[in-house]
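Under this note's numbering, the first residue of the sequence shown is numbered 953, with each subsequent residue one higher. Virtual Cβ for every residue (Gly too), placed ideally from N, Cα, C. Taking it in order: structure first as structure tokens, then the write-up.
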Amino acid sequence: MPKALKKNYYAVCKGRGGPAIYNSWDECKANTTRYAGAKHKGFSTYQDAQVWLTSQLALDRNSSSASNSDIEFTSFNPTPPASKSQQMQDVSGDSDIEFVDPPSPPASTLTASVEPPEINLSPEQKKVLNKVKNGRNVFFTGSAGTGKSVLLREIIQHFSQSNKNVAITASTGIAAVNIGGSTIHSWAGIGLGDDEVDKYVGKFRGNKKFRNVRDRWFDVKALIIDESERLGQLTGNISDPTAVSMLDGDLFDKLEFIARELRKDASPFGGIQLILSGDFCQLPPVPNKRNGKVSLATFAFEAQSWDRCVGPPTVLKKVFRQKDQSFINMLNEMRFGDMSEKTIKTFRSLDRVVHYEDGVQPTQLYPRREQVDHANRTRLAELSGEMHSYVAMDIPGTDSDGKQVTLEHMGRLLDRLVVPKFIHLKVGAQVMLNLHQGSLVNGSVGVVTTFLTRKAAKKRGISAARVESGQNEPFHQPYAAEEDEEKEEESNEASKARLWPVIQFTNGKELFFIPLDFTVNTPLGTMEARREQVPLILAWALSIHKSQGQTLERVKVDLGQVFEKGQAYVALSRATNLKTLEVKNFDPSKVVAHSKVLAKVVEWQGFIPGASRAPAPPPAEHNIDEEMDDFDSMAMYQDGF
């Protein structure tokens, strides 16, 4: 008889804390024991727990839809609505906890309230953009905060206006303006990418089933691969994770060969224009584990075809995130793992508590997702007052072959989004914005001050967060359908179901939030899955991975818990200045850059910027896994994503 899998996650459909997934039985038991109607189940994987929870909430909602018929839930995306079994309404009859399915106002009646900031590129950013416009292959890199994602957005905007067929593959949260995005594996049609390259070419050429893949390769004019985490926060369209810094060199060679063979073009990468962005100092490629075996991982620049396809990078040097040049220099030393005694002493001096008069605490960064969830739940439980819980409306679309996406696949796609399935808020909760709103960038932190209806927020003159719904649609404002609001006020229950958070940010700006539209697109630009959710997350704690690409004004980091190269640098480089940065357990031995990256930087630039010495080249027959922690540690890092 097969051994039962260990239960690592516990999904609670009905419990004291509302719908949630816990990583310990004790937490699950505390939220379900002696709770009337409690419903929960244990699972070995987080994804299985989420799929079950989604299906249970959908069933509960379907069974209660008749009693909620006086509440109208509308969608502002032109995609046809999902069946009632796929939508979520009230998931609990508990009187002291409110569960809200995010309704959305009609698009035609909404207007913009927060204008996007004007983009002014630096001379070096303009230089890269001009290369792209001239059809050249480019690889641009730079330290954290040098505007890589801003530049990429402008590049994508250029392609969207030129009607050039472009494929966008990017990290979680990346989105194309008016253009879809996906993983490079999905776009290329190679699955896990572990087959022999000849098999892919033969399959794509000889099997009608792969006609769409073959056509994609043949028709594409430009391919973007990017590592920036947060460009998609400027919009709502999301693409799946692939970063050039995490792209294995062997895979890069496979893709290059497939491109030449399918396009029958001997030019590098089959004549496809390449736009690559990333920072090899931040994220190493991750070894793959299949059938119990760990495959070797190499950096993308180790690909045999790299130099003839891309060549040396354009290095962005102007830092926008930090203004203090001494702090910039310290981070640069840290990036390359060569810190002076002065820098080490300064970082150690940051082990103190910073007090803020407005009561907003620094966001603490953790390497593991479970640590983040536990910290945020604990702080939320300490607040008194009514809990407002928002359950996202998830809607499946179609895949690249036009087939309906299953609920399980939809769950896997949407689980990668920055916006969570469940958001539990109270007055006083510390939250973070995960979509740019005018002068407020993703990473802006604030506090929930109250919960209001749209009508009440408008009457008080509170600005509404910008809603960008779907591709090719205008920005909207949730002060619409006042007739619906009047009907809503007639019913106390309906009125409760339409209460939305008001957030006071640290810069004094106050905004009112309703759900926004987050979309995972296929390589063809069609909707594969969509989530409508309030664009906020709890912000007492955040994972180092989820912080990547964000600017955090107040940061607290315990470096005693980091376990992978680049994590310490990623965490500390989120901060804007030394005054609002708290660093616990600073250990210079945890600040390590990969020797292969250092050697490549010397090859590209002739020296290590800001470093006192050049690294020795790695020994022959050296592979990346020799410098990595064991695979379980790498899996922990991925799980923290």
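Supposed contact pair residue 1102 and residue 1111 - C-beta distance, whole angstroms, cut 8 angstroms: Taking the first residue of the sequence shown as position 1, residue 1111 is located at position 159. Taking the first residue of the sequence shown as position 1, residue 1102 is located at position 150. Not quite, the Cβ-Cβ distance comes to about 16 angstroms (not below 8 angstroms), so this is no contact.
Host alpha helix (DSSP H) of residue 1075 (start-end): Here residue 1075 corresponds to residue number 123 of the sequence shown, with the count starting at 1. For residue 1075, the uninterrupted alpha helix (DSSP H) segment begins and ends at 1075-1085.
Nonlocal neighbours in the same chain, by C-beta distance under 8 angstroms from residue 1155, ignoring five residues either side: Residue mapping note: residue 1155 aligns to position 203 of the sequence shown, counting from 1. Hits under 8 angstroms: 1162.
Pairwise C-alpha distance: residue 1401 and residue 1331: Here residue 1331 refers to the residue found at position 379 when the sequence shown is read from its first residue. Here residue 1401 refers to the residue found at position 449 when the sequence shown is read from its first residue. If I take the Cα positions, the gap works out to 16 angstroms.
Classification of residue 1029 by the beta-carbon crowding that lies within 10 angstroms, buried from 16 upward: Your numbering for residue 1029 matches position 77 in the sequence shown. Any reading at residue 1029 needs caution, since the residue's pLDDT is 31, under 50, leaving its predicted position unreliable; the model's value is listed next. The residue in question, residue 1029, is buried, as its Cβ has 16 or more Cβ neighbours within 10 Å.
Identified DSSP bridge partners for residue 1479: As a position in the sequence shown, residue 1479 is number 527, starting the count at 1. 1473.
Nearest-angstrom Cα separation, counted from residue 1077 out to residue 1223: Within the sequence shown, numbered from 1, the residue matching residue 1223 stands at position 271. Within the sequence shown, numbered from 1, the residue matching residue 1077 stands at position 125. Going from the Cα of residue 1223 to the Cα of residue 1077 covers about 24 angstroms.
Three-state secondary structure (DSSP) of residue 1330: As a first step, residue 1330 is located in the sequence shown; it is residue number 378 there, counting from the start. In this structure, residue 1330 counts as helix in the three-state DSSP scheme.
Nearest to residue 1272 (by Cα), restricted to the options 1504, 1543, 1098, 1501: Position 320 of the sequence shown holds residue 1272. Answer by Cα proximity: 1098.
Of the residues 1234, 985, 1229, the one placed nearest residue 1522, counting alpha carbons only: Walking along the sequence shown from the start, residue 1522 turns up at place 570. Comparing Cα-Cα distances from residue 1522 to each of 1234, 985, 1229, the minimum goes to 1234.
Buried/exposed call for residue 1499, threshold 16 Cβ in 10 Å: Here residue 1499 corresponds to residue number 547 of the sequence shown, with the count starting at 1. Flag for residue 1499 reads buried.
Residues near residue 1074 in its chain [Cβ-Cβ closer than 6 angstroms; skip 5 each side]: The residue you call residue 1074 lines up with position 122 of the sequence shown. Correct list, in chain order: 1270.
Rounded separation between residue 1088 and residue 1172 - CA only: For the purposes of this step, residue 1088 is identified with residue 136 of the sequence shown, where counting begins at 1. For the purposes of this step, residue 1172 is identified with residue 220 of the sequence shown, where counting begins at 1. Spanning the two alpha carbons is a distance of roughly 15 angstroms.
Cα-Cα separation, residue 972 to residue 1072: Along the sequence shown, read from residue 1 onward, the residue named residue 972 stands at position 20. Along the sequence shown, read from residue 1 onward, the residue named residue 1072 stands at position 120. The straight-line gap from Cα to Cα measures roughly 42 angstroms.
8 angstroms CB neighbourhood of residue 1412 in its chain, flanking five on each side removed: As a working note, residue 1412 is residue 460 in the sequence shown. The residues are 1404.
Pair within 8 angstroms by beta-carbon distance, residue 1414 and residue 1486: As a working note, residue 1414 is residue 462 in the sequence shown. As a working note, residue 1486 is residue 534 in the sequence shown. Taking 8 angstroms as the cut-off, the beta carbon of residue 1414 is found no closer than this to the beta carbon of residue 1486.
Residue environment, residue 1167, which counts as buried when at least 16 other CB atoms sit within 10 Å: For this step, residue 1167 is matched to residue 215 along the sequence shown. Exposed: under 16 other Cβ atoms inside 10 Å.
Buried or exposed (CB count within 10 angstroms, at least 16 for buried), residue 1308: Counting from 1 along the sequence shown, the entry for residue 1308 is found at position 356. Residue 1308 comes out exposed.
Presumed contact (8 angstroms Cβ cut-off) between residue 1384 and residue 1491, rounded CB distance: Within the sequence shown, residue 1384 is the residue found at index 432, counting from 1. Within the sequence shown, residue 1491 is the residue found at index 539, counting from 1. Their Cβ separation, rounded to whole angstroms, is 4 angstroms, which keeps residue 1384 and residue 1491 in contact under 8 angstroms.
When 1140, 1501, 1526 are compared against residue 1229, the one with the closest alpha-carbon: By one-based count along the sequence shown, residue 1229 stands at place 277. That would be 1501, whose Cα lies nearest to the Cα of residue 1229.
From 1106, 1546, 1469, 1256, residue whose alpha carbon lies closest to that of residue 1289: If you number the sequence shown from 1, residue 1289 lands on position 337. The shortest C-alpha separation from residue 1289 is found at 1546.
Cα-Cα separation, residue 1283 to residue 1277: The residue you call residue 1283 lines up with position 331 of the sequence shown. The residue you call residue 1277 lines up with position 325 of the sequence shown. Approximately 10 angstroms between the Cα atoms of the pair.
contact_flag[the region 1349-1363, the region 1292-1310] where n(CB pairs < 8 angstroms) is 3 or more: no
Cβ neighbours of residue 967 in the same chain (closer than 7 angstroms, five flanking residues each side left out): Within the sequence shown, numbered from 1, the residue matching residue 967 stands at position 15. Around residue 967: 983, 984, 987, 990, 992.
C-alpha gap between residue 1329 and residue 969, whole angstroms: In the sequence shown, residue 1329 corresponds to position 377, counting from 1. In the sequence shown, residue 969 corresponds to position 17, counting from 1. Those two C-alpha atoms are separated by around 9 angstroms.
8 angstroms Cβ cutoff, residue 1153 in contact with chain C: Although the question refers to chain C, the structure presented lacks it and comprises just one protein chain.
Limits of the unbroken alpha helix (DSSP H) element including residue 1150: Taking the sequence shown and counting its residues from 1, the one referred to as residue 1150 is at position 198. 1149-1158 is the extent of the alpha helix (DSSP H) around residue 1150.
Buried/exposed call for residue 1135, threshold 16 Cβ in 10 Å: Position 183 of the sequence shown holds residue 1135. Counting Cβ neighbours within 10 Å, residue 1135 comes out buried, since at least 16 surround it.
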